[in-house]
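In our numbering, the protein residues as written are 2 to 379.
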Amino acid sequence: MNLQINAYRAVNNNQTPFKGYDARPLKGVLMTVSDADSFSIISQMADIGKKNGFKVYFTDSSKQIYTNIEAIWQSIKDKTYRIFTKWAQDDAVLTPQNTVISTVFTREREFADKVAKVTNGKVSYPQEFIQGGNLFFVKNNGKEELFIGSDEVFRTANLKKVYGVSKVHVIPQADFHLDLFIRPLNNKTVLVADDNLTLKEIQSAIKNIGKYKKNNNCTESEIMELDTLKNRLEQFLKDFKKESGSCKNPKYNEIAQKLQKSGYTPVPVPGRIYYTVPGGERDYLVHYLNYMNAIVHQKKDNSLVFITNKSNLNEKFNITPEISEKIDFDFEKMLKKALKPYVQESDIHFIEGQHISELLTDEGGGIHCICNEIPAKL
2 MNLQINAYRA VNNNQTPFKG YDARPLKGVL MTVSDADSFS IISQMADIGK
52 KNGFKVYFTD SSKQIYTNIE AIWQSIKDKT YRIFTKWAQD DAVLTPQNTV
102 ISTVFTRERE FADKVAKVTN GKVSYPQEFI QGGNLFFVKN NGKEELFIGS
152 DEVFRTANLK KVYGVSKVHV IPQADFHLDL FIRPLNNKTV LVADDNLTLK
202 EIQSAIKNIG KYKKNNNCTE SEIMELDTLK NRLEQFLKDF KKESGSCKNP
252 KYNEIAQKLQ KSGYTPVPVP GRIYYTVPGG ERDYLVHYLN YMNAIVHQKK
302 DNSLVFITNK SNLNEKFNIT PEISEKIDFD FEKMLKKALK PYVQESDIHF
352 IEGQHISELL TDEGGGIHCI CNEIPAKL
């Protein structure tokens with residue numbers, strides 16, 4: 002797609018995204034990333050949390066857990082201690098019963114202890130540990146249920162007991178982990194990435210360019226700018242249509258049907274753009290836009306805050322706010338339009354920074370992967 006991405010690291014990276022909850026009030030998120038650009042991400046999260054009623058906790062391999070942003074910066078600047086996990090929700094899964102599930106390996110054990118310290122919980126090391134990105138806890142009529150990716154089917158025997166849920170739902174594995182293509186909200190509603198909807202949004206943008214030119218007295222430079230954008234979007238549409246069409250992973254309809262049979266409501270979202278790296282039974286997807294990998298917080302008034310990854314596609318296509326207004330399209334508007342029935346536009350946040358771009362394109366993760374969600378009530 003004429004965008005240079007390092008597919009090797011995405012395919013060969015063994016530390017991948019994590020678990021999560023549906024939309025619930027958060028006590029906070031626990032983060033560990035500790036380079037200069039990552040501090041900007043932590044700072045953005047802290048600002049959002051301060052406005053919406055949750056905290057950002059930061060830790061490294063020291064015994065400290067910080068909540069003060071100045072102290073976090075000092076810790077990062079001093080680099081006194083090593084970082085022991087980047088993927089804060091991958092190595093430790095926090096259950097609704099306030100049990101932190103992890104493995105016996107040193108790094109995972111250390112981090113699990115930190116999560117338990119924040120929640121005043123206990124730590125367990127069962128054989129049935131699932132990497133966090135491939136499961137979600139969801140509520141159904143007051144009961145806790147579990148979504149797991151179909152890669153984990155062989156582990157299902159004791160999952161209800163280990164994870165403290167009443168039912169386990171196996172979701173078709175459309176990507177490496179669930180949190181790259183679905184995002185549960187509340188009221189049994191589940192956002193699901195729909196690549197066909199993404200294609201339709203881009204097609205609509207191309208048509209809108211033609212309509213704007215027809216209905217307005219455009220200058221020569223304006224026509225040239227719009228024509229350039231139109232040509233680039235047409236090529237981009239062609240490329241992504243080919244990529245998504247040839248991808249052999251389960252598609253939106255299969256996932257939606259499974260969710261409906263399980264009693265949940267799927268909502269199609271133009272939530273990802275990627276290219277494929279052929280694999281065995283399933284292709285690897287390298288994302289340079291992924292809105293599904295998101296933190297969701299429920300405020301006291303029950304409205305939702307949706308925190309996701311900023312893409313650099315608007316900048317790459319030179320879609321300025323002025324152009325976006327003319328053609329009623331940019332890559333963030335796609336998401337805002339889809340979420341309008343569920344989240345106010347002012348409560349949708351795009352975390353930006355070079356580190357976010359590198360996580361998506363080089364390592365297959367995003368903001369959800371580096372924040373361990375801690376619900377307010379456990």
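C-beta atoms are modelled at their ideal positions from N, C-alpha and C, and glycine is treated no differently.
Inter-residue spacing [alpha-carbon to alpha-carbon] between residue i and residue j
i	j	result
K239	N121	52 Å
T229	I328	14 Å
N218	I207	18 Å
D180	E346	22 Å
H170	I149	6 Å
K118	A93	12 Å
I320	I77	35 Å
N14	I73	The predicted position of N14 is uncertain, since its pLDDT is 40 and thus under 50; a value taken from the coordinates is nonetheless stated next. C-alpha separation (whole angstroms): 27 Å.
H298	K144	19 Å
K338	Q128	42 Å
F155	K162	15 Å
G50	K300	11 Å
A377	S304	15 Å
H369	N294	5 Å
N135	D152	8 Å
Y58	F307	19 Å
E282	L314	30 Å
S263	F106	35 Å
N187	V344	11 Å
V116	L234	44 Å
Residue i - partner residues in DSSP beta bridges
i	result
S125	I102
F137	G21, F148
I308	I296, H350
I375	G29
Whether residue i touches residue j by CB criterion (9 Å)
i	j	result
V124	T100	yes
T33	F137	no
Y292	T277	no
S167	N141	yes
P185	I256	no
G354	Q45	yes
L379	P97	yes
Y253	L198	yes
C248	I296	no
I203	F237	yes
S358	E333	no
V270	D331	no
Rounded Cβ spacing between residue i and residue j (contact assumed at less than 8 Å)
i	j	result
G272	L192	7 Å
L147	A89	20 Å between Cβ atoms; not a contact.
A175	P267	Not really, about 12 Å apart at Cβ, beyond 8 Å.
D38	H350	With 8 Å as the limit, D38 and H350 do not qualify as a contact, their Cβ atoms being about 18 Å apart.
Alpha helix (DSSP H) runs wholly inside the segment 148-204, at least 4 long, in chain order
Given a length threshold of 4 residues, each whole run of the alpha helix (DSSP H) inside the segment 148-204 is given here in chain order: 160-164.
Write down every uninterrupted run of the beta strand (DSSP E) in the segment 264-297 whose length is 3 residues or greater and which is fully enclosed by it, in chain order.
List check, beta strand (DSSP E) in window: 266-270, 273-278, 285-291.
Jot down the residue ranges of each uninterrupted beta strand (DSSP E) in the segment 20-101, minimum 3 residues, whole runs only, in chain order.
If we require 3 residues or more, the beta strand (DSSP E) runs fully inside the segment 20-101 come out as 27-32, 56-60.
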